[in-house]
Structure formats: structure tokens, C-alpha cells
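The sequence shown runs 36 to 404 under my numbering. Just so it is clear, CB atoms sit at the ideal spot from N, CA and C, and this is done for glycine as well. Note sheet for the following structure.
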Amino acid sequence: MSTHDLYTDPVPTSTWDVPLAGDARFTWEYDDGRDRLLALYQKGKDKQWDSVKRIDWDLEVDPHNVLGVPDQSLAIYGTPHWDKMGEKERGLLRQHSTSWQFSQFVHGEQGAMITAARIVESVPDMDAKFYSATQTMDEARHVEIFSKFLQEKVGMVYPINTKLQDLLTETLSDSRWDMPYLGMQVLIEGLALAAFGVIRDITTKPLPKQILAYVMQDEARHVAFGRLALRDYYKELSAPELKEREEFVIDGCYLMRDRIRGREIWTNFGIDAAEVDELVKNSPYMRMFQSLLFSRIVPCVKDIGLWSPRIQATFEEMGVLEASKSDLDALMGQDEEIAERLDAARFAAEEADRKAEVDAVIAAEAASS
């Protein structure tokens, strides 16, 4: 079955072409680069993994309750719209909601794959080219995983959100080599990483928990890469140059905030877009979700040196300035530990099953002798 058969609305069968600007940069400097960046590159090589083998795709998924999260997470919960729905329609709404979330994940990961390849091409330093090459492979794996999950387990795909598409266009069409870092590694990846974390921590279903935990283990490295590269570079920029980057961040954050409203879901259920915005605004869960979504972006923006009064005022207006106090390194370390604990628990369970099988065979042989 073609993915096009699963889209909630028709999407073009032709490719979406984004004109690229800027230079492909070669360097003839092959000596050792920055120690921390090379250490991250080594880690990127060491941590490659196969999604076919590491993820248990045999786990069953109910398309109408993919995540097993409380219905309070749906913006219309407790409203007349919700009360009018029967259980069948509520199940369909859960499927649409999960499909929309994971569809934006897969579209964003394709953008990340293309952007990482773009960074390999345009960044001037060899150590950064090395690491971006490993990230390109990571992002290819993520596209593979999310598309498989949507097609085989959820059975429904949403088109790319227009706000995400706008930010991808701005990120890829800018000729300055640092802008793909800023747009992808800080904004798009930062928001995705936080969204993955919220769902990973609240889902009661093992397959999406596995998928998100393992993807986040990769993404923690990617955000660290953006921080290292941009922190060094932005120390060298003039005030007008920094202001341009700050304007990009502000515009991008508003696009990311508007993206998470998920208007496409609700209009498919006959709810007016303006009413959706009001429902999302008044939903305690959605307000909490939005504040958590910027938990990675805000401290990262501060860390790389884009921390003017205007940036701070923007985050204050969005209600996420408090996130600047987050310990980004601790959050990233936690992401890696959770994935490792999942692996350990799974391997221990498999080892226990094998031992039980061996014990059963030994007992059977003893009984028959």
C-alpha cells in the first residue's frame, strides 16, 4: 500500500522542491578538530543501531488507543463536542490525534535528514562535517521508524503542518551556513525532542515508549552538536548579525507554538478553526504541554548566546521563560539513561524467557528418564 493511500487529505504525488542557497564548502584541513566535537562524532559512530533489531515490532497496537493516555489530553475533552461523541467516534479521534502527532514527527525527521546533509555540505569545519554525516544516518533511521509505525500500526497519515513547512523552507533556503543549525538543531529538533519526551513519559504502551526513547537517545547528541557549533561561532558575530539570528528564533518559535494546535485534527471533526484555538488555549493539558515543549529550546537559545531582552520578552509572552533555568545537560543525560534502562529490562526479560525454556526442557527430560 502506498503512503498516499493513508493520508487524511490528498497530498501531491510530486516532490516538494525547496530552492537551496549558499555554497558547498570544501576544506583542505584534515588535522584534529575540536576535542568535544570529535568526541561527539565518536559517540555518534558507537551509538548507531538497527531499528529492525532493537525495536520489538511484534508488539500489538490498538489504532484507536495507540498511546493509552488519558482522554484529558484531547483539547475537546469535557466540552459539548466530546459529550456528543460515541465511543466509536472517540476512538477515531484518538487515532487521528496520534496520527497527526507522529506524522509531524516523520515529516520533521525527513527535514532533519535533509538539513543534516545540507550541513555536511555547507559547514566550513571538517569536525562538524564528520558529525553531521552521522546525524544524517540517524535521521534516516528515524524517518524509517516513524513511517513504519504510522503505516503498520496507526494506519493513517496526516500531511505536513503548514507552520512546520514554513520553518523548513526558511531554514533550508537561507544562504548562511549556521542557519540550518539554528532552524533544525535548536528549534525543530528542540521542540521535537521535548514532544517525544512528554509522550514517552505518559504513554502506557510499550511500542511507542520504545520508539521514542531510542530516537531521543540519538536526538540528545544532535542538540548537543548544535550547541557546540553555534556557541563558538556566535561569539564572533557583530550585534547586527546576532539580531538577525534572534529575529529568526522569534519568528520560528511563534511558528512552532502555532504548529502544536493541531487545527487539522479538529477541522476533520467539523470544529471551526477559531474555536479550536480557544479550546486549545483553555485546555489545562495543552497549556502544560506547550510549556514543556519549549523546555529544550529556551535553555539552548540562552546557551548559544542569543539572549537579548527581546528574546527574553518573547519567551515571557509565550509563558516559557522559566524554562531558561533548566539543566539541559541533565535532561540529555536522562534521555540516554532511559533508553539504556529500557534495553536492560528487555534483555533481562529475554534472558529469563530463555532460561525458563531451558529449565522446562531439562525438567521434561528428567521426567521421561
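Between Ile90 and Ile223, the C-beta gap is not smaller than 8 Å, which leaves the two residues out of contact.
The shortest CA-to-CA distance from Ala152 to any of Phe165, Ser359, Thr171, Thr239 is the one to Thr171.
Collapsing the DSSP output to three states places Val101 in coil. Nearest neighbour of Tyr320 by Cα position, chosen from Ala147, Ile237, Lys78, Ser182, turns out to be Ile237.
Following the DSSP letters along the chain, one finds Arg235 inside the alpha helix (DSSP H) bounded by residues 224-237. Annotation for Val155: the continuous alpha helix (DSSP H) segment containing it runs 122-157. Contact fails between the segment 157-168 and the segment 105-122, because fewer than three Cβ pairs, one in each stretch, are under 8 Å apart. DSSP, read as helix, strand or coil, puts Tyr193 in coil.
Taking the Cβ atoms as the reference, Ile300 lies roughly 13 Å from Trp117, outside the contact range of under 8 Å.
Distance from the CA of Gln145 to the CA of Gly297, rounded to the nearest whole angstrom, comes to 19 Å.
When the beta-carbon positions are compared, Val336 and Ile346 come within less than 8 Å of each other. By the Cβ neighbour-count rule, Trp51 is exposed, with fewer than 16 other Cβ atoms within 10 Å of its own. One alpha carbon belongs to His39, the other to Gln139, and they sit about 15 Å apart.
By the C-beta criterion, the segment 189-204 is judged to be in contact with the segment 41-59, since at least 3 inter-stretch pairs fall below 8 Å. Distance from the CA of Glu279 to the CA of Tyr249, rounded to the nearest whole angstrom, comes to 35 Å. Annotation: the segment 48-117 contains the following complete segments of the alpha helix (DSSP H) (minimum length 4 residues), in chain order: 70-81, 86-89.
CA-CA distance, Asp58 to Asp370, rounds to 35 Å. According to the DSSP secondary-structure assignment, Tyr42 is paired through a beta bridge with Val192. Between the segment 214-222 and the segment 59-76, the count of Cβ pairs shorter than 8 Å is below three; the stretches do not touch. Note that the segment 253-265 touches the segment 72-92; at least 3 beta-carbon pairs, one per stretch, sit closer than 8 Å. Relative to the Cα of Trp84, the nearest Cα in the group Asp97, Leu314, Arg292, Glu375 belongs to Glu375. Closest in C-alpha terms to Thr43, from the list Val87, His131, Pro105, comes His131.
One Cα belongs to Arg211, the other to Arg71, and the distance between them is close to 24 Å. In this structure, Gly232 and Pro98 do not form a Cβ contact; the two beta carbons are roughly 24 Å apart against a cut-off of 8 Å. In this chain, the alpha helix (DSSP H) harbouring Asn317 covers 308-317. Distance between Gly368 and Ala402, taken at the CA atoms: about 51 Å.
According to the DSSP assignment, Trp301 belongs to the alpha helix (DSSP H) that extends over 298-302.
The Cβ-Cβ distance between Leu242 and Lys188 falls below 8 Å. Close CB contacts of Thr169 within its chain, under the 7 Å cut and outside five residues either way in sequence, are with Tyr76, Gly79, Lys80 (chain order). Annotation: Gln186 is outside any alpha helix (DSSP H) and is labelled neither H nor E by DSSP. In the displayed model, Phe329 falls within coil according to three-state DSSP, outside both helix and strand. Taking the Cα of Ala110 as reference, the smallest distance to any Cα among Lys390, Ile306, Asp364, Asp338 is reached at Ile306. Taking the Cβ atoms as the reference, Ser330 lies roughly 5 Å from Ala229, within the contact range of under 8 Å. About 13 Å separates the Cβ atoms of Leu199 and Phe137, ruling out a contact at the 8 Å cut-off. DSSP places Glu271 outside both helix and strand once states are collapsed to three, so it counts as coil. The C-alpha of Glu385 lies about 20 Å from the C-alpha of Glu372.
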